[in-house]
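Below is one structure, written out as structure tokens; the observations come after it.
Protein chains in written order, with this note's numbering: chain A, 8 to 299; chain B, 160 to 375.
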């Protein structure tokens, strides 16, 4: 089966920032978390996928087709939820739906009204009268009402309260029960992905530095804690980042088994969270920056 | 296409009412302008609503949303040109109705009727104004293009009569204007409409090129 989304050597150059030949693939039936700090290139990548900006090189295939040559065809099967509401504020939810719906070949009014009901969204209210969480849910209702196969979400949870975030994650879990569909979920709030993501791509300074199944990433990596004397004995190519304190150190390592084999005693390893992965791969205590 | 055009009406419900009031104001305040009342008020009506639609797109950043939808950028551009013509048609209808009401109510006003010459003037004026303004808006966005457009429109509105007067007053000049004066009225009208429509088509072509290059 063709992947939902295939990105190869994608490049975009700005004066102060570049997306450097990034590649990743999203297969059907999965949720991919696209993580990275602010300014790492997440939104740029998503804008390139949606052809909001022009690429300088590389290839983007959606459902096996070039995203620009077959733009209308592929966009018919894409649902999108962006970081803010890009709808007219002074129209009602129903009026806005009437503006958007005719563009989609498979728009389903019944599904749309069901989502409005499930999300407790009042159809006759103006968009400006909605809270941020409600606006996000409205975007989601639109995105889910035309039988899209690929859902692209750019920081949909930023600024939302935990309850709304949790509701969103439940909806995504339900959506992915259909194995033909997939979700690309960009966020810097990694706890959102702990529950739902199958794959994780981590972007830093315009480069993909990690791209694997979430479980593999969390199983393979390890948070190593121990006294400072041991820190120097760790294989430098295995260390992603280190934090030191008065009593010892904490380091994220690529392969925790290598550490466990070498040090039978004196160190403790823990399973990292995605937050740990993001912080160590992108933070100031990165191994490369520390020069260990 | 049609939903994009109707969208420009729907998002401006209040502005449409305001623009209608503007036509009424025109009827009361500009009694001395005679036959120019209809084309002047309806051109202003159409231009206000045409620009209003751009302003709302800019304010709500809806270009981002529309460009995520399965729609060609060229269609988004074309719809704006169709909108302004439909605003003019709607304005003409409203002007005619308002005039009829005021005449029946025996208001002591001189209100010029909708006539062929007026219709041509409206069409030519909105083709010139939109033809000049729209490519810049599609390139830069409404806010950035606002100042440049104001200067351009002012230059055309203020400059065109000056240039025409100069040409008319110069007895030695036959040129294009002289040739126009010798043509039958219908031919002149057709040439005016044709020229305005060509300007609009060229403008639309340039706007599409600009908008296709734009990044959001």
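Backbone N, C-alpha and C define an ideal beta-carbon position, used for all residues, glycine too.
Notebook entry, point to check: Residues of chain B with a CB under 9 Å from the CB of residue 21 of chain A: which are they?
Noted result: As a position in the first chain, residue 21 of chain A is number 14, starting the count at 1. Those do not exist, as residue 21 of chain A stays about 10 Å from chain B at its closest Cβ, beyond 9 Å.
Check: In terms of alpha-carbon separation, which member of A:183, A:223, A:211 and A:279 lies closest to residue 35 of chain A?
Finding: Your numbering for residue 35 of chain A matches position 28 in the first chain. Looking from the CA of residue 35 of chain A, the closest CA among A:183, A:223, A:211 and A:279 belongs to A:183.
Next item on the list: Enumerate, from N- to C-terminal direction, the unbroken alpha helix (DSSP H) stretches of 4 or more residues contained entirely within the region 169 to 216 of chain A.
Entry: DSSP runs (the alpha helix (DSSP H)) wholly in the region 169 to 216 of chain A: 169 to 182 and 198 to 203.
Margin query: Distance check for residue 209 of chain B and residue 58 of chain A, CA to CA, integer angstroms please.
Written below: For the purposes of this step, residue 58 of chain A is taken as the residue at position 51 of the first chain. For the purposes of this step, residue 209 of chain B is taken as the residue at position 50 of the second chain. Going by the C-alpha atoms only, they are around 27 Å apart.
Next item on the list: Confirm, please, whether the CB-CB distance from residue 254 of chain B to residue 182 of chain B is below 8 Å.
Entry: Within the second chain, residue 182 of chain B is the residue found at index 23, counting from 1. Within the second chain, residue 254 of chain B is the residue found at index 95, counting from 1. With contacts defined as CB atoms closer than 8 Å, residue 182 of chain B and residue 254 of chain B qualify as a contacting pair.
Check: Does residue 206 of chain A have its Cβ less than 8 Å from a Cβ in chain B?
Finding: Counted from its first residue, the first chain places residue 206 of chain A at position 199. For residue 206 of chain A, the nearest beta carbon of chain B is not closer than 8 Å to its own beta carbon.
Notebook entry, point to check: How do the region 59 to 67 of chain A and the region 197 to 214 of chain B stand: do at least 3 beta-carbon pairs fall below 8 Å, yes or no?
Noted result: Counting Cβ pairs under 8 Å, fewer than three are found: no touch.
Notebook entry, point to check: Where does the unbroken beta strand (DSSP E) through residue 28 of chain A begin, and where does it stop?
Noted result: Looking up residue 28 of chain A in the first chain gives position 21. DSSP places residue 28 of chain A inside the beta strand (DSSP E), whose first and last residues are 25 to 33.
Note to self: Looking at residue 88 of chain A: is its Cβ nearer than 8 Å to the Cβ of residue 160 of chain A?
What the structure shows: Against the first chain, residue 88 of chain A aligns to sequence position 81. Against the first chain, residue 160 of chain A aligns to sequence position 153. Taking C-beta atoms as the reference points, residue 88 of chain A and residue 160 of chain A count as a pair closer than 8 Å.
Notebook entry, point to check: According to DSSP, which residues form a beta bridge with residue 38 of chain A?
Noted result: As a first step, residue 38 of chain A is located in the first chain; it is residue number 31 there, counting from the start. A:190, per the DSSP bridge assignment.
Check: Taking 8 Å as the CB-CB cut-off, is residue 109 of chain A touching chain B?
Finding: Here residue 109 of chain A is taken as the residue at index 102 of the first chain, counted from 1. Cβ-Cβ to chain B under 8 Å: yes for residue 109 of chain A.
Check: What does residue 282 of chain B touch in chain A if you count any residue whose Cβ is under 8 Å from its own?
Finding: What you label residue 282 of chain B is simply residue 123 of the second chain in a count that begins at 1. Neighbours of residue 282 of chain B on chain A: none; closest Cβ ~28 Å, over 8 Å.
Check: List, in order along the chain, the chain A residues whose C-beta lies closer than 9 Å to that of residue 241 of chain B?
Finding: Here residue 241 of chain B corresponds to residue number 82 of the second chain, with the count starting at 1. Those within 9 Å of residue 241 of chain B in chain A number zero; the least Cβ separation is about 15 Å.
Margin query: Quick check: the Cα distance between residue 190 of chain A and residue 179 of chain A, rounded to an integer number of angstroms?
Written below: Residue numbering aside, residue 190 of chain A sits at position 183 when the first chain is read from its first letter. Residue numbering aside, residue 179 of chain A sits at position 172 when the first chain is read from its first letter. Going from the Cα of residue 190 of chain A to the Cα of residue 179 of chain A covers about 8 Å.
Next item on the list: Check whether the Cβ of residue 298 of chain A lies closer than 8 Å to any Cβ atom in chain B.
Entry: Your numbering for residue 298 of chain A matches position 291 in the first chain. Only weak support exists for where residue 298 of chain A lies, its pLDDT of 49 falling under 50; the value from the coordinates is given anyway. False, the Cβ-Cβ gap to chain B never drops below 8 Å.
Checklist line | Inter-residue Cα distance where the pair is residue 281 of chain B and residue 235 of chain B | finding: Looking up residue 281 of chain B in the second chain gives position 122. Looking up residue 235 of chain B in the second chain gives position 76. When rounded, the distance between both Cα atoms is 24 Å.
Next item on the list: Tell me, please, whether the CB atom of residue 250 of chain A is closer than 8 Å to any CB atom in chain B?
Entry: Within the first chain, the letter at position 243 stands for residue 250 of chain A. Output row for residue 250 of chain A: interface = no.
Margin query: Which of the three DSSP states is assigned to residue 258 of chain A in this structure?
Written below: Taking the first residue of the first chain as position 1, residue 258 of chain A is located at position 251. Residue 258 of chain A: strand per DSSP, three-state reduction.
Next item on the list: Can you pull the chain B residues whose beta carbon is under 9 Å from the beta carbon of residue 60 of chain A, in chain order?
Entry: Here residue 60 of chain A refers to the residue found at position 53 when the first chain is read from its first residue. What residue 60 of chain A touches in chain B: 374 and 375.
Margin query: So, at 8 Å on beta carbons, what are the nonlocal neighbours of residue 360 of chain B in its own chain, with the 5 sequence-adjacent residues on each side left out?
Written below: Counted from its first residue, the second chain places residue 360 of chain B at position 201. There are no such residues.
Item checked: Whole-Å CB distance - residue 150 of chain A paired with residue 99 of chain A, under 8 Å assumed -> Here residue 150 of chain A is taken as the residue at index 143 of the first chain, counted from 1. Here residue 99 of chain A is taken as the residue at index 92 of the first chain, counted from 1. Approximately 19 Å separates the beta-carbon atoms of residue 150 of chain A and residue 99 of chain A; this is outside 8 Å, ruling out the contact.
Next item on the list: Could you work out which residue in A:103, A:229 and A:280 is closest to residue 265 of chain A when comparing CA atoms only?
Entry: Locating residue 265 of chain A in the first chain gives position 258, counting from the first residue. The candidate whose alpha carbon is nearest that of residue 265 of chain A is A:229.
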